[in-house]
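See below for the structure under consideration.
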Amino acid sequence: MAEDKKASEIGGAGIVASMADLMGGAVGAGLKISSLPAQAIKLLPNASPLSWPKDVVRQSAHFPRAVGKAFNRFASDIEVLGGGGDINAEQRLDRPGVYPFRNERRDTAVLFVHGFGQNSANTWGKFPFIVSQEPRLADWDIFSIGYATSMTMDIVGLWSASPPIDKLAQFFYTATSSEPLLRYKNLAIVAHSMGGLVTQRALLDFPELRARVGHYLSYGTPSAGLKKAVPLVKVKRQIRDMAKGSNFITDLRQRWDREIGDKPSFELRIVAGDQDELVPASSSLGPFPESFQHVVPGNHLMIVCPEERTHLSAQVLLRHLTGEDPDSPLNSARVAVEGRRFKAAIEQLMPNRHKLDKRALVTLALALDSDGQRDAAIRVIEESPNKTTDLLGTLAGRLKRRWLFDFRLFEDAERAKELYLQALASAEQAEDHRQIFYHAINVAFMALALDDDPPSAQQHARLALTACAQAETTLWNLATQGEANIYLGNDDSAVAGYREALLKDPEPWQITSMFQQAVQAADELLDNGQLADRLRQLFREQRISSMA
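When the count follows our numbering, it moves up by one through the sequence shown with no breaks and lands on 559 for the last residue.
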């Protein structure tokens with residue numbers, strides 16, 4: 012009960028902070044106008060007979076600023092006292108800057124970016140805390156980036172004005188290309204409202220930033236502009252940029268369609284609130300394909316202030332960063348870095364795919380397959396005129412996975428088996444023991460999965476073990492020993508082989524490949540549920556140890 016009470020207080024603090032900021036902005040906007048006479052009176056000489064009213068009005072110029080500061084300070088104090096994250100109480104979250112919620116110098120980081128008239132203190136409520144408590148995100152650092160924006164009127168050239176959105180995009184790039192954010196290999200951007208426009212523009216203007224972004228998610232962003240902002244374009248530059256049909260919005264959408272389109276180099280999610288009357292779905296969701304769209308409960312502010320991890324706003328983000336399977340044996344941070352690396356490989360290699368050597372072709376095929384483009388991976392290898400045993404095995408593996416996990420086409424399974432047998436014969440003729448054990452263990456798997464032929468599976472498993480003994484002890488050598496012992500009924504040796512393989516610090520795609528084939532062989536092909544459970548536990552332990 013105490014924890015529930017605290018959670019409620021933390022979420023409530025975010026709401027109160029938001030209201031305080033809105034009040035501060037509204038009061039400041041009204042009272043700052045009263046300071047305009049002070050600016051004109053400054054031009055009068057001090058000896059003027061009007062010096063006494065000049066002094067009075069000059070003092071009034073400080074009043075709205077003091078009121079605004081007081082409300083902002085109140086909002087910041089409320090948020091820190093609410094316990095929303097690991098922010099140090101000394102930090103002023105109402106000011107522009109980079110603020111760490113968790114900074115353990117990892118390889119991946121989540122960046123929260125607030126919207127118009129808001130700041131890092133009053134926007135997110137408990138959201139960063141929810142992310143920090145997710146076990147699968149234990150290897151992610153968490154930051155909030157604050158920038159200059161307010162609800163007060165711009166007085167350009169005379170008093171003060173908030174920077175236009177293109178300048179904020181430059182600020183965002185500068186922040187991400189400086190310490191402490193410079194060191195991260197993968198960034199996940201979580202933007203609210205105008206923060207989505209700031210970050211979209213930054214992704215377009217700075218390709219080197221886009222190359223580091225693996226995930227992008229925006230809540231309630233007026234990506235197509237706001238019709239209701241049109242009457243206010245003279246009041247504030249940021250409102251001018253957000254207006255429907257503005258030069259900024261028109262340019263942003265044209266460039267996005269041309270340079271990013273419906274196949275972004277990062278994982279994309281666009282979120283709208285079902286009760287958001289400030290930013291209609293036609294503006295937040297409309298510019299993007301339906302496959303990227305999500306709708307969650309709440310108005311414009313509450314969609315980024317979830318009270319608990321079960322709220323759909325939080326679930327969209329958590330699943331976006333961790334994947335769909337809560338029992339996956341993978342460390343999501345390492346998957347994110349690997350995914351970013353695969354996308355970079357695709358961008359670099361795909362345009363020259365007809366000129367690549369066999370190693371680069373294998374790299375491209377694996378990258379495409381891991382990026383969900385399995386059909387493209389198959390085509391890339393099929394188009395190669397010189398298919399080595401390595402390329403044959405890679406092609407067979409893509410066909411096997413398409414059969415197992417996509418369409419269950421019998422012709423894919425038959426062709427995969429034929430390719431493995433062809434590559435195995437070539438490897439035996441060349442006495443290439445590394446290729447022998449690789450293809451022999453896959454023939455063993457197909458003998459069970461396709462033909463239901465245990466004697467053939469055991470025959471090829473023994474062949475694989477013999478080749479392993481004569482080859483270098485690598486990750487795949489050890490994994491092959493584990494799998495071969497599954498087929499031969501040696502459960503303890505199977506677990507030992509995989510344990511040794513996992514000590515080689517495999518990449519996420521390698522873990523996925525080992526895990527899927529091992530568990531499927533034990534559980535589905537041999538009906539050995541006890542061994543399958545031991546293997547699942549072993550891979551789960553590997554995920555936990557990789558986050559330590």
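Cβ atoms here follow ideal geometry from the backbone N, Cα and C, with glycine treated the same way.
Assuming residue i contacts residue j under a Cβ cut-off of 8 Å, what Cβ separation, rounded to an integer in Å, is found between them?
{"i": "V282", "j": "S343", "result": "At roughly 19 Å, the Cβ-Cβ gap does not stay under 8 Å, so V282 and S343 are not in contact."}
{"i": "T399", "j": "K366", "result": "At roughly 16 Å, the Cβ-Cβ gap does not stay under 8 Å, so T399 and K366 are not in contact."}
{"i": "K239", "j": "M164", "result": "Actually they are not in contact, since the Cβ atoms of K239 and M164 sit about 17 Å apart, beyond 8 Å."}
{"i": "A468", "j": "L459", "result": "5 Å"}
{"i": "D150", "j": "R117", "result": "5 Å"}
{"i": "A199", "j": "I156", "result": "Contact flag wrong, Cβ pair sits at about 12 Å."}
{"i": "A159", "j": "P174", "result": "6 Å"}
{"i": "L410", "j": "T523", "result": "The Cβ separation is near 17 Å, so there is no contact."}
{"i": "G493", "j": "A480", "result": "Actually they are not in contact, since the Cβ atoms of G493 and A480 sit about 14 Å apart, beyond 8 Å."}
{"i": "Q521", "j": "L489", "result": "Q521 to L489, Cβ: 11 Å. No contact."}
{"i": "A427", "j": "F448", "result": "At roughly 18 Å, the Cβ-Cβ gap does not stay under 8 Å, so A427 and F448 are not in contact."}
{"i": "V391", "j": "R352", "result": "With a Cβ gap of about 18 Å, V391 and R352 do not count as contacting."}
Quick check on the burial criterion: 16 or more other C-beta atoms within 10 angstroms. Buried or exposed for residue i?
{"i": "A543", "result": "buried"}
{"i": "P233", "result": "buried"}
{"i": "S189", "result": "exposed"}
{"i": "G540", "result": "exposed"}
{"i": "N197", "result": "buried"}
{"i": "D401", "result": "buried"}
{"i": "I553", "result": "Per the sequence presented here, residue 553 reads as Gln, with Ile not at that position. Looking at its Cβ environment, which holds 16 or more other Cβ atoms inside 10 Å, Q553 is buried."}
{"i": "T484", "result": "exposed"}
{"i": "P396", "result": "exposed"}
{"i": "Q359", "result": "exposed"}
{"i": "Q528", "result": "buried"}
{"i": "T210", "result": "buried"}
{"i": "N130", "result": "buried"}
{"i": "D273", "result": "exposed"}
{"i": "Q440", "result": "exposed"}
{"i": "A436", "result": "exposed"}
{"i": "H404", "result": "Sequence check: residue 404 is Gly here, not His. Classification for G404: buried."}
{"i": "T261", "result": "exposed"}
{"i": "Q144", "result": "exposed"}
{"i": "G508", "result": "buried"}
Among the options, which has the Cα closest to the Cα of residue i?
{"i": "L148", "options": "L328, R221 and Q481", "result": "L328"}
{"i": "L476", "options": "I452, F217, R248 and A355", "result": "I452"}
{"i": "E219", "options": "K239, T232, Y195 and L237", "result": "Y195"}
{"i": "L375", "options": "N397, P396 and L406", "result": "L406"}
{"i": "G225", "options": "A533, L474, L360 and G350", "result": "G350"}
{"i": "K137", "options": "L215, E393 and T321", "result": "T321"}
{"i": "R223", "options": "L192, G508 and I392", "result": "L192"}
{"i": "A134", "options": "R330, P242 and V315", "result": "Here the sequence assigns Thr to residue 134, which means Ala is not the residue at that position. Checking every option, the nearest Cα to that of T134 belongs to V315."}
{"i": "D287", "options": "T261, S204, K245 and K354", "result": "S204"}
{"i": "G108", "options": "R345, Q446, P340 and H125", "result": "H125"}
{"i": "L263", "options": "F277, F299, K245 and V241", "result": "F299"}
{"i": "D502", "options": "F123, M313 and L537", "result": "L537"}
{"i": "Y431", "options": "S173, C479 and M457", "result": "M457"}
{"i": "F127", "options": "F182, Y110, L208 and Y184", "result": "L208"}
{"i": "F217", "options": "R385, L243, F182 and H444", "result": "F182"}
{"i": "S161", "options": "I176, F154, S302 and D152", "result": "I176"}
{"i": "F418", "options": "L513, P111 and R385", "result": "R385"}
{"i": "S302", "options": "P317, L279, G309 and E318", "result": "L279"}
Given a cut-off of 7 Å, decide if residue j and residue i are closer than it, judged by their beta-carbon atoms.
{"i": "A180", "j": "R212", "result": "yes"}
{"i": "A455", "j": "Y498", "result": "yes"}
{"i": "P519", "j": "V346", "result": "yes"}
{"i": "D423", "j": "R413", "result": "yes"}
{"i": "V307", "j": "L323", "result": "yes"}
{"i": "H621", "j": "A478", "result": "Outside the displayed span of the chain (12 to 559) sits residue 621, for which this structure offers no information."}
{"i": "I141", "j": "V121", "result": "no"}
{"i": "V201", "j": "F123", "result": "yes"}
{"i": "F259", "j": "D252", "result": "yes"}
Excluding five sequence neighbours on each side, which residues of the same chain lie with their C-beta closer than 6 Å to the C-beta of residue i?
{"i": "D88", "result": "The predicted model places D88 with a pLDDT of 37, which falls under 50 and marks its position as unreliable, so this point remains unresolved."}
{"i": "L92", "result": "Only weak support is given to the placement of L92: the predicted model assigns it a pLDDT of 28, under 50, and the question is left unresolved by the model."}
{"i": "H471", "result": "A451, V454 and A455"}
{"i": "V530", "result": "A543 and L546"}
{"i": "S517", "result": "Note on residue identity: the sequence assigns Pro, not Ser, to residue 517. So the list reads L486, once near-sequence residues are dropped."}
{"i": "K354", "result": "S276"}
I'd like the list of long-range same chain contacts for residue i, defined as Cβ closer than 8 Å, with 5 residues on each side in sequence excluded.
{"i": "S293", "result": "A235"}
{"i": "H311", "result": "S204, G231, G284, D287, E288, L289 and V290"}
{"i": "E270", "result": "L215"}
Counting only the same chain and skipping the five closest in sequence on each side, list residues whose C-beta sits under 7 Å from that of residue i.
{"i": "R510", "result": "L549"}
{"i": "R266", "result": "L215"}
{"i": "A533", "result": "I497, N539, L542, A543 and L546"}
{"i": "A387", "result": "L379"}
{"i": "R551", "result": "P340"}
{"i": "L372", "result": "V391, I392, S395 and L402"}
{"i": "R106", "result": "G157"}
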